[in-house]
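End of the sequence shown sits at 1106 in the numbering used here; the numbers just go up one at a time, nothing left out.
Cβ atoms here follow ideal geometry from the backbone N, Cα and C, with glycine treated the same way.
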Amino acid sequence: MASAEKAYQLKGHAKFVDLARLFGWQVLNDYWYSYNEDYENSNPIDTSIDGQILRLAKCVGVDIRPLLHFWGTHPEDPNALAAAIAAEGLQPSNAILNTLTHYKSIVPADNAAFQTFAMNWWGHQPDPLGTWTESEHGRQWDSTPWYSQNNDTEQRPNGEIYVEATAADIQGDIDNIIALYFPGADTDPPTPNPATFASAPTAVSETEITMTANTGSDSSGPVEYYFDETSGNTGGTDSGWQTSASYTDTGLSESTQYTYTVTMRDSLGNTGTASAPASATTLSSIPEVLLEQNNNQNDKVDVKDGQKGAQSFKHGSAGDPDYQITKIELKLSRDSDSPDQALAFTLGTSVNGGTISDSAVNIQPSEVTNTSGGSSFMTYTVTYSTPVGPLNPNTTYYLNFQTGGNGNAYYIGYNDDNTYGNGTYYKSGSDDGKDCYFKIFGSDISVVDVDPPTPNPATFAVPPAADSDTAISMTATTGSDATGPVEYYFDETSGNPGGTDSGWQTSPSYTDTGLTASTQYTYTVTMRDSVTPTPNMGTPSSPANATTQPAPDTDPPTPNPATWAVAPAADSDTAISMTATTGSDATGPVEYYFDETSGNPGGTDSGWQTSPSYTDTGLSPSTQYTYTVTMRDSVTPTPNIGTPSNPANATTDPPPPDTDPPTPNPATFSSPPAAVSDTEITMTATTGSDATGPVEYYFDEISGNPGGTDSGWQTNPSYTDTGLSPSTQYTYTVQMRDAVTPVPNVGTASAPANATTDPAPNYPPTFSSDPINEINATEDAAYSSTIADDANDPEGDPMTFSKVSGPAWLSVAANGALSGTPTNSDVGLNVFTVQVNATGGSDTATLNITVINTNDAPTFTVDPINKPDATEGAAYSDTIASSATDVDVGDTLTYSKVSGPAWLSVAADGALSGTPGSGDVGANVFTVQVDDGNGGTDTATLNITVNAGGTPHSQTIVVVDGWCSKNGKTFQDDGKVYIFTSSDNDYWDVEKNEYISLEFSNISFGAGAVITSVTVHCEHHEESGFSSGNIEWNVGTGWPSGATTWGTNTSVPAHTSDQTDSWDVTSYVNSTTRVNDLEFRIKNNDNDKKIKPDYVYVTVEWTE
């Protein structure tokens, strides 16, 4: 074919073939004939490249620019064409994109593959004019300026697509008309389908399994293969799509079963069905260990000039597993003159004989690099690529060696031991009783089970057989395996509705249930053993079929619904008869159920019966009854029940006239009249019977005594007459009548019967209210009231009152009078329980009385009050706060001095203070008063003796020790006492929320010393920003544990520079003992800043 034709074929024709393949031949027909239509209709025709691309894209219905670009057709104005494509709403096509992805995977990377693909895709049949398409497509094509003009495209009946085209040059001269046939789209996957294994998966090592698929055949080649590992066991890997029909899976786990399927696809992506799964188990590795050794060597034995030698060894004990040898280590040396022959080495069952298979090794002179002539040795290792064995445990074997002819000298290391019995043999086989150096490596032989259970393939002992219309049972031939138990998998392969696999189970039998009647199901059975972690799975059995039994009879009898042969009709005033149409059913006999549905009195269902006729008896006269009839067959265990018939009615005949009164006649009492109280009598008539009910009863009181009343006609056979007089006799008869209309039949009255009411009872008295709220009482005032008017007795019997419980101050007289005088302790609500008694019994109630408080004056508990002596010139301190009491809760007591020497002050809280002078020496008498603030007061005499004062003394005591809460140390231990003994720039930091306590030197007081003044002085300053009020000073003793605080000062001012503040603590430190026990505590209550104390001292004044 000319180059122009070739250019046409690849540049013009290829893209049309692609579009016909992907979207159908009609789209090209539409494209080519749209030109003719526009021409005939004189429509504008855009003959530009972009116009032709847009026209073709509209006919195809997708954006075809990626395909045209691949085949070398490019837009003149890409942006304008893109806008036109978008305006038409044309979207990219996955079919085009996938095709181009495939093209790009083989062009130009694989020229041969592309040529094969191209011939299959574009066709190579002769056209009707005898012209042939190019028989070979290259990877490149020329760029001769020819274009194609297609005239016709159609689908032929045999599926081929016919394309007729004209190739013309750029001037429009027709060069050739080409008519092409090419096959329709290939939609078939490669064969065989499903794929099969030519060589099933086979383990080649502990970590590798190899397999080969049967070679696939497809017109759209090349065929690709996908090997899928389906067990999910560790290391199993799919192959991915590949052109090779063989695959080796590596990186597997040893002694593990892996399962594979293989699938094929052609170059168009037509993918076949996966093969049946096939399994293989990797080999087991056996670790190499040191079996036997004699590793001492202090001498040599020479083997030369054709000499032989042998060393015995033995491994294991009786009952141990067989073993195999992988390598043997020796100590070798040779002369410096290299031997010309090898040292032959074998394993044997006897001395220099009984060679064990695969154990012979020729040690070449060049391999023995030690040429010391036996003065030293090299380690030489005999290694076996295939382990030698199996060897028996507890059996003697020999390491045999022999040199070549004269001039060949080798040396073997050995020692003087003879552990292995037979030592080194050489020359004529004499035993020198010594052992060679050797190490023998290998392993015990563990038998790994890699075989599935037998028989393999599995077979059926009892093939599948139907048990019913929904169940099929089967039993596999019992499997045998060294590693049990054997498990069975029954696989239902037909896919028919309800068919279910068994799953793996230890039972060789299986019943598949929930199946469809009259349906064939197909089963195979597979066995596996219990090897872990991956069992060995056998090959499935040949499939076996079974067909379920036909479905049971599920149809009810006919006719359905049931019908009446003879509709219900009255036989009398109490009976109706009827007959159903006889039913027909394959599973007889037919049964009938006549159902009375009106619910009128006496109507009764027939129950299931084989007779088609039924008579309902015991009915009510002149009453309509309604019936349906239903049929069922005799299917067991559950019959098929049909639809009930249409309902049919019948009315019973009227009854004969009723002229008889109810019986018994005369009437009688089943329970004669009897009193039930002082005002009631009850009775019951014998129940009457009559054809025309209901029966009515009339109880007639005939004595005429007060309150006696007739019942009137009633349907209740019992009657209670109420409102009667106590202890009075009443007489009754009873009479019955039926319900005949318009005039009932009335019977004869019973014989009269008497009953006397009970005597009237005597009732107890009762309180009219509970609780009883009486008038209030006043503290210390006589109280008077009564509860006589709060109770009454029904019979007017005399009543007696009493107190059951409550505060003692109140008395309750027998006539109900209340009296008594409450005290202060009774102020508030008082609750009592009171009782009233009379002939008929008693009653109790709660009595509430509130006592109103009156003020009680306070009182001194002692008078006179004698207080401790005072000392002339010394401050005095004491209190009388505990010398008075007030019974009124909540009163606040205040104290004052009424009279007495001026030196003593009495504070409102009772505190005594002052300093007596020389004129006050002697007995001092005062009058003091206590006041409750509510008008109540009391006075008492206060006695204080003032003693003459001694000589005044004064001393300053200084800090001698102390304790810090932050570091838990004393200042003596810390060497910091000096900080507080002088005024300088040494400060102690009292941290936030911490404290220090300081101890002072003692004073030696004389007898009778009286403290007159104690003042604490502290030089200090605080960090800037220290909050005022956060300095706390305390005097006391016992810090840090067991502390007693005498006084507290929180009004200490804060300073930003050193200043000294003083605190008079005389009122707290008022004895010589307290002076010498005195401790001063400085506490920092600030949350941020520090206190910085410096010089601290105490001035003490006293007299003696």
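Top-ranked residue by Cα proximity to residue i, from the options
i, options, result
"Ala-484", "Phe-440, Thr-495, Thr-534", "Thr-534"
"Trp-1048", "Thr-1062, Pro-1055, Phe-1028, Arg-1076", "Arg-1076"
"Glu-1103", "Val-1012, Pro-454, Pro-666, Thr-606", "Val-1012"
"Asp-1136", "Asn-1072, Ser-1073, Thr-541, Asn-1051", "Missing from the structure shown is residue 1136; the chain here goes from 3 to 1106 and no further."
"Ser-804", "Glu-797, Gly-830, Phe-769", "Phe-769"
"Thr-560", "Asp-531, Gly-590, Ser-543", "Gly-590"
"Ala-762", "Ser-786, Ala-677, Met-213", "Ala-677"
"Pro-191", "Thr-273, Trp-243, Pro-552, Glu-993", "Thr-273"
"Gly-937", "Leu-906, Asn-857, Thr-524", "Asn-857"
"Asp-469", "Gln-28, Gly-237, Thr-550", "Thr-550"
"Val-390", "Thr-873, Ile-330, Pro-46", "Ile-330"
"Ser-544", "Arg-530, Thr-526, Ser-44", "Thr-526"
"Leu-254", "Ala-247, Gly-234, Glu-226, Met-266", "Gly-234"
"Leu-906", "Asp-890, Val-891, Asp-871, Thr-1058", "Asp-871"
"Leu-99", "Ala-88, Arg-67, Thr-75, Leu-92", "Arg-67"
Spatial distance of residue i from residue j (CA atoms)
i, j, result
"Pro-323", "Pro-395", "7 Å"
"Trp-123", "Ser-286", "The predicted position of Trp-123 is uncertain, since its pLDDT is 47 and thus under 50; no value can be drawn from it."
"His-139", "Glu-210", "The predicted position of His-139 is uncertain, since its pLDDT is 28 and thus under 50; no value can be drawn from it."
"Gly-935", "Thr-896", "8 Å"
"Asp-986", "Lys-869", "47 Å"
"Pro-767", "Phe-834", "19 Å"
"Asp-880", "Ala-913", "6 Å"
"Asp-1090", "Lys-994", "6 Å"
"Asp-555", "Ala-278", "41 Å"
"Pro-77", "Gly-26", "24 Å"
"Thr-759", "Tyr-734", "13 Å"
"Glu-369", "Ala-344", "10 Å"
"Glu-698", "Thr-645", "46 Å"
Cβ pair residue i, residue j closer than 9 Å
i, j, result
"Lys-333", "Tyr-382", "yes"
"Glu-1034", "Tyr-997", "yes"
"Glu-1", "Thr-730", "Missing from the structure shown is residue 1; the chain here goes from 3 to 1106 and no further."
"Tyr-627", "Asn-651", "yes"
"Ser-844", "Gln-837", "yes"
"Thr-617", "Asp-573", "yes"
"Val-291", "Gly-444", "yes"
"Ser-314", "Gly-415", "no"
"Ile-474", "Asp-514", "yes"
"Ile-365", "Tyr-399", "no"
"Val-1054", "Leu-1080", "no"
"Pro-537", "Glu-494", "no"
"Ala-280", "Ala-205", "no"
Three-state secondary structure assigned by DSSP to residue i
i, result
"Trp-715", "coil"
"Lys-60", "helix"
"Pro-68", "helix"
"Ser-827", "helix"
"Phe-973", "helix"
"Arg-141", "Unreliable placement is indicated for Arg-141, whose pLDDT of 25 sits below 50; the coordinate value is still reported in the next sentence. DSSP places Arg-141 in coil when its eight states are reduced to three."
"Leu-401", "strand"
"Thr-835", "strand"
Any non-hydrogen atom of the ligand MG closer than 8 Å to residue i Cβ
i, result
"Ser-233", "No copy of the ligand MG appears in this structure; indeed no ligand is present at all."
Status (buried if at least 16 other CB within 10 Å, exposed otherwise) for residue i
i, result
"Pro-94", "exposed"
"Thr-1014", "buried"
"Ile-34", "A small fix is needed here, since residue 34 is Trp in this sequence, not Ile. Its Cβ being crowded by 16 or more others within 10 Å, Trp-34 is buried."
"Glu-294", "buried"
"Asn-1086", "buried"
"Gln-127", "For Gln-127, the pLDDT reaches just 34, beneath the cut-off of 50, and the residue's location in the model is therefore unreliable, leaving the point undetermined."
"Pro-614", "buried"
"His-71", "exposed"
"Trp-243", "exposed"
"Glu-90", "exposed"
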